[in-house]
Amino acid sequence: MLFVVGTALCGLAQNMGQLIVFRAVQGLGAGGLMVGALSVIGVLVPPQERGRIQSMVGVMLQVAFVGGPLLGRFITDYVNWRWAFYINVPIGLIALPAVAKGVRVPSERVKGRIGYLGAALLAAGILALTLLAGWAGDTYAWTSWQITGLAVVVLLSLAWFVRVELRAAEPITPPWLFVNRDFALAQVLSLLVGAVLVSVINYLPPYMQFVQGSSPMASGMLMLPLMLGMLTAQLTTGRLMDRGGLDRVVPLTGGTVTFVGALLLLLLSTDTPLVVASVLTLVVGAGVGILMQSTLLTAMNNAAPRDMVAATGTVTLVRTIGGTLGVAVLGAVQSSRLSDVLAERVGSDAEERLTAGGGLTPAVLKDMSTGMRNAVEDAFSSGLHSVLFGAALLSAIAFVTAWFVRTPTPAPAAAVTPTEAGTGKDSAPNPSRGLSTTPGPTPVTTQATDRTVPPSPCGRPLPKANINAHVSR
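Take the sequence shown: its position 195, counting from 1, is numbered 213 in this note's numbering, and each next residue is one higher.
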């Protein structure tokens, strides 16, 4: 409902300030939808079937992620930008009763409080970090008071956030999740793949417009092969990981394919045929799809049912942060390289006139002289290559990170059945709730918070009083 209301308000916005506020409302609802869908899968679907089911959800997400901007561009060009928001309202109103009636999850109640302070600190830290990455060395000098101040805000906010989370009875991001090495590595991979994906999506279409003279719609259509590669890879990855034994091989393959795809995109030039460009983006999409699916399943398979919401939410948050930082950092690299090449080709004064106020557009390019147009095309080509080099480097880091993943195959377990939903029982491990009944360290439930405490790596139950000390180690 919050997403529907926020979307309708965005369409009604009368100025940029209102649109920003209403987009924030829409984002609050969208975040709940994404995490909620993944969490329901984690609770209702046993580990051995999560890959197959999650791959279906992943397909829908990628269709929306890549197809949404294309549809939005079409609506904006031929109807009105407000309808890019209004179109979501009837869909949401149809989905609301369908979800309310069709989704049945266990009505287990857990006493706790929402960590508003932790959420505020995390939001402040991420916002400051995003601004720091985007402004440093471009809008402001590295030694300016603006950048220094943002760096201080980042350090203080995130340090305070960690302190609050370690002491909270119901933390937003349970620290004990990160005690598991595979879960922590999954977050690193999510950060990297988010940066690679969003960077390619953001900077490849403008390159096609400036360098190859493609229309906005045609350049956007280049994202369809990327989406196809992601969809195919996610469907395949989910089924492979369900079989077990490939928990390291799958992300290694994803890192390799993404790395190779990013390097192949460096072959793009002013005369690259669209078919060749489509094949190259298909390769990148396949690698990204493998990494996205494998990291999510790794995180879900290493979280207890009670922590499933936090685990899936963490993956989504980290991937979003990666995309935001990737665009900011690689965007600064691209902008710097573009300015340097333009200044070298046409002089500093002409470069400043071209780039001032965002006046450099494909429409302006058509009215330039041949020499000036060639200079701009070379500058954009060089700028994109800088972004792709950065994406290839991030993919290489993902490949190295994947070497350390050692997730075991989850023990067989049955899903929650509709007849068991609503019992509200909180007992020992039960196959009907997706928990393994094989011998091993057993979680401990504290009476104070009704919080299941995970076992320590050495196999003994970890008392709640020792969580902070254990995490700090």
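Just so you know, even glycine gets a beta-carbon here, dropped at the ideal spot from N, CA and C.
A quick note: this is a predicted structure, and the numbers were derived from the prediction, not measured.
Residue range L292 to N319 is occupied by the alpha helix (DSSP H) that includes N319. Spatial neighbours of A361 in its own chain (CB-CB distance under 6 Å, excluding positions within 5 residues in sequence) are listed in chain order as E369. 7 Å or more divides the Cβ of F417 from the Cβ of A317.
Taking C-beta separations shorter than 7 Å and ignoring five residues to either side along the sequence, the partners of Q230 in its chain run T288, following chain order.
A straight line joining the alpha-carbon of A138 with that of D396 spans about 44 Å.
Comparing alpha-carbon positions, the option among L150, R185, W101 and A177 lying closest to A169 turns out to be L150.
Selection F228, A116, A113 and R181 evaluated against V382 yields F228 as nearest (Cα-Cα).
Sequence-distant Cβ neighbours of L282 in its own chain, meaning closer than 7 Å and more than five residues away, are L298 and V301. Secondary structure at A154: strand, using DSSP grouped into helix, strand and coil. Scanning its chain for C-beta atoms nearer than 6 Å, with the 5 sequence neighbours on each side dropped, one finds around P223 the residues S237 and G238, in chain order.
With a beta-carbon spacing of about 6 Å, I219 and M241 fall inside the 8 Å limit used to define contacts. Assigned with DSSP and collapsed to three states, P193 falls in helix. Contact between A82 and S217 fails: their C-beta atoms lie close to 19 Å from each other, not under 8 Å. Taking a C-beta distance under 7 Å as the contact criterion, S413 and V214 qualify as a contact pair. For the pair L406 and L314, the Cα-to-Cα distance works out to about 25 Å. Assigned with DSSP and collapsed to three states, K119 falls in helix.
In the three-state DSSP reduction, G143 falls in the helix class (H, G or I). Secondary structure of E395 (DSSP, three-state): helix. Rounded to whole angstroms, the gap between the alpha carbons of L292 and T166 is 44 Å. DSSP, read as helix, strand or coil, puts G47 in helix. With a cutoff of 7 Å on beta-carbon distance, V39 and G110 are scored as not near each other. No beta strand (DSSP E) of 3 residues or more sits fully in the region 325 to 373. Residue environment: V336 is assigned as buried (16 or more neighbouring CB atoms within 10 Å of its CB, all protein chains considered). Relative to R391, the option among L378, V75, L244 and G50 whose CA is nearest is L378. Counting only the Cα atoms, A329 lies some 48 Å from A393.
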